[in-house]
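Our numbering puts the first residue of the sequence shown at 7, with every later residue one more than the last.
We treat Cβ as the ideally placed atom computed from N, Cα and C, and that holds for glycine.
Shown next, in structure tokens, is the structure this report addresses.
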Amino acid sequence: MMNVQVIADYLRNLHVQRDVAVAAYWLEEAASRSELVSQLSALLSDLPVLIAAVPKGAFDDPNGIIDDLAKTISDNAEWFGEEKRTAITRDEKFSLVLVSKRALDVPQLSSPVTLPDWFPQWPGELLTVTIKSVTDAIDISFASADIPVASINASLHALESALCARLDSVLRRAPTAAASLRARLGGSKGPVDLIQLISQSEEKRRSVAPADFRPGGSASGEYLVSRLFSQWWECSHKDLHRLAVDIAEALDIHTGSKVEAQHSLASLLTRTVRPKLAETPPGVTLARNAIVSLAHAIQFTNAVHHAGDYPNFPAALTISYAKDLSRSCKRAADALSTLA
Numbered sequence: 007m008m009n010v011q012v013i014a015d016y017l018r019n020l021h022v023q024r025d026v027a028v029a030a031y032w033l034e035e036a037a038s039r040s041e042l043v044s045q046l047s048a049l050l051s052d053l054p055v056l057i058a059a060v061p062k063g064a065f066d067d068p069n070g071i072i073d074d075l076a077k078t079i080s081d082n083a084e085w086f087g088e089e090k091r092t093a094i095t096r097d098e099k100f101s102l103v104l105v106s107k108r109a110l111d112v113p114q115l116s117s118p119v120t121l122p123d124w125f126p127q128w129p130g131e132l133l134t135v136t137i138k139s140v141t142d143a144i145d146i147s148f149a150s151a152d153i154p155v156a157s158i159n160a161s162l163h164a165l166e167s168a169l170c171a172r173l174d175s176v177l178r179r180a181p182t183a184a185a186s187l188r189a190r191l192g193g194s195k196g197p198v199d200l201i202q203l204i205s206q207s208e209e210k211r212r213s214v215a216p217a218d219f220r221p222g223g224s225a226s227g228e229y230l231v232s233r234l235f236s237q238w239w240e241c242s243h244k245d246l247h248r249l250a251v252d253i254a255e256a257l258d259i260h261t262g263s264k265v266e267a268q269h270s271l272a273s274l275l276t277r278t279v280r281p282k283l284a285e286t287p288p289g290v291t292l293a294r295n296a297i298v299s300l301a302h303a304i305q306f307t308n309a310v311h312h313a314g315d316y317p318n319f320p321a322a323l324t325i326s327y328a329k330d331l332s333r334s335c336k337r338a339a340d341a342l343s344t345l346a
């Protein structure tokens, strides 16, 4: 379940900012509906916002949606005590939040029905409400505690460790394997000393907890993932495949089937050129996925630390994407760690 305070804040803003007198919202909750109803009711107790669980069989007939809405209000008549009636009169608004285990996936075709004659402010008036599903619209700041930043950090730490260990192993038996990558990382200054960079990374990581690992993306950074981020940042979409090949060659996974191809949403949506995915060696696909994932992960964590510079984004999307980045970096690390 998403942080209840985040949901409550979103519902509060919906209630306060709208001009419509009566509104209804649909909220999906796969876990305990009763617990969410109780918690939201407590957090929104100062407002005329009724939180109600959707009973079985309700709101599943397109021709009876508004009737079910009116019945929900009538079934909760006790909620409309003096305090809530005063709040409705004060705000000249009433909100109903329907908590359900399923999505509201039926069209709302029914005609308006009349509010109960005991309803405050608008007794006996026609109820003309379209229920709005808000589950996917709830937004959060990058500063939200719901975003698994520590998990992303730890996965980046694991990937840094695995990349360094694999490169060290390959370089000791094939010193020229990483020639192209060394040249890329060194730029105009000449090929970078990867053994020195690996040693430097290992020393720095000893004093940093995985959950606090924040490598940044400097071209002269102290971590390998930082240097790779810089390469990704400067890389055109036409050169991304070549960069992935250089990384795969350095890791000695560019041919054969030493590893399985890996895919993340970020990698699949990143524009590139031929060859087609099916024609790309698994190790090159893994390398491409790894660099795109680590780059997005570093960008994401930087945004978290500068949350005030960015707008809010849908909570479900933001949290799921953060988890996908963490999972993708960790899977790449695990795959490299299993190599001899």
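Determine the extent of the alpha helix (DSSP H) in which residue i is found, giving its start and end residues.
i, result
"Y31", "It is not in any alpha helix (DSSP H) - Y31 instead sits in the beta strand (DSSP E) that spans 28 to 34."
"I57", "Segment 55 to 59 is the beta strand (DSSP E) holding I57; no alpha helix (DSSP H) there."
"W238", "230 to 240"
"K336", "321 to 343"
"E89", "88 to 97"
"A168", "155 to 179"
"H247", "246 to 256"
"R190", "185 to 192"
"L115", "Here L115 belongs to no alpha helix (DSSP H), and DSSP marks it neither H nor E."
"N19", "10 to 23"
"K77", "71 to 81"
"F306", "288 to 311"
"A272", "271 to 274"
"K210", "200 to 211"
"L48", "The question names Leu, but residue 48 is Ala in the sequence shown. That run of the alpha helix (DSSP H) goes 39 to 49."
Is it buried or exposed for residue i, if we count other Cβ within 10 angstroms and need 16 for buried?
i, result
"Y31", "buried"
"V347", "Coverage of the chain is limited to positions 7 through 346, which leaves residue 347 absent and any answer about it impossible."
"L249", "buried"
"S150", "buried"
"A328", "buried"
"R178", "exposed"
"V22", "exposed"
"E285", "exposed"
"T344", "exposed"
"L191", "buried"
"L274", "exposed"
"G87", "exposed"
"S194", "exposed"
"S326", "exposed"
"D74", "buried"
"R39", "buried"
"G227", "buried"
"Y229", "buried"
"S332", "buried"
Would you mind giving the Cβ-Cβ distance between residue i and residue j, rounded to the nearest angstrom? I have them listed as a contact below 8 Å.
i, j, result
"T291", "L300", "Actually they are not in contact, since the Cβ atoms of T291 and L300 sit about 15 Å apart, beyond 8 Å."
"L56", "W85", "6 Å"
"D252", "S186", "4 Å"
"T120", "L33", "About 26 Å; that fails the 8 Å criterion."
"S106", "A29", "So it is not a contact: roughly 17 Å between Cβ atoms."
"I2", "L234", "In this structure the chain extends from 7 to 346, so residue 2 is not present and cannot be described."
"L110", "P68", "No, L110 and P68 are not in contact; Cβ-Cβ is about 11 Å, not under 8 Å."
"A184", "L173", "7 Å"
"A27", "K99", "6 Å"
"S242", "G223", "Not quite, the Cβ-Cβ distance comes to about 17 Å (not below 8 Å), so this is no contact."
"I94", "P129", "About 11 Å; that fails the 8 Å criterion."
"E266", "A322", "Not confirmed; about 29 Å, so no contact."
"A254", "A293", "4 Å"
"A256", "F148", "About 33 Å; that fails the 8 Å criterion."
Leaving out the 5 sequence neighbours to the left and right, which residues in its chain are closer than 6 Å to residue i when beta-carbon positions are compared?
i, result
"S156", "In the sequence as displayed, the identity of residue 156 is Ala instead of Ser. The answer, listed in chain order, is A217."
"S42", "In the sequence as presented, Ser is not what sits at residue 42; that position holds Leu. Excluding residues within five positions, the ones whose Cβ falls inside 6 Å are E35, V105."
"N9", "D152"
"G259", "A quick correction: the sequence has Ile, not Gly, at residue 259. If we look at I259 and ignore the five residues flanking it on each side, its Cβ neighbours are V265, G289."
"W238", "I297, A301"
"V310", "F148, V155"
"F219", "N159, L162, H163"
Tell me the residue span of the beta strand (DSSP E) that contains residue i.
i, result
"V105", "100 to 106"
In chain order, what residues of the same chain lie with their CB nearer than 8 Å to the CB of residue i, ignoring the 5 residues before and after it?
i, result
"T261", "P287, G289"
"D330", "S270, L271, A272"
"V231", "L162, L165, E166, L169, P221, L300, I304"
"K6", "As displayed, the chain neither begins before 7 nor continues past 346, which places residue 6 out of reach and without an answer."
"V112", "F65, D66, D67, P68, I71"
"L20", "A29, Y31, S101, V140"
"K118", "Correcting the residue identity first, residue 118 is Pro in this sequence and not Lys. Answer for P118: I72, L132, L133, T134, listed in chain order."
"Q268", "T291, L292, N295, A296, S334, R337, A338, A341"
"A76", "V119, T120, L121, P122, L133"
Should residue i be counted as a contact of the ligand COA given a C-beta to heavy atom distance under 8 Å?
i, result
"D152", "Of ligands this structure carries none, so the ligand COA is not represented either."
Identify, in the order they occur along the chain, each residue of the same chain with its Cβ nearer than 7 Å to the Cβ of residue i, setting aside the five sequence neighbours on each side.
i, result
"T324", "I146, I153"
"E208", "C170"
"V198", "R188, L191, G192"
Contact between the region 13 to 23 and the region 66 to 84 is defined here as three or more beta-carbon pairs at a separation below 8 Å; is this criterion met? no
Is there contact between the region 123 to 139 and the region 191 to 206, where contact requires at least three CB pairs shorter than 8 Å? no
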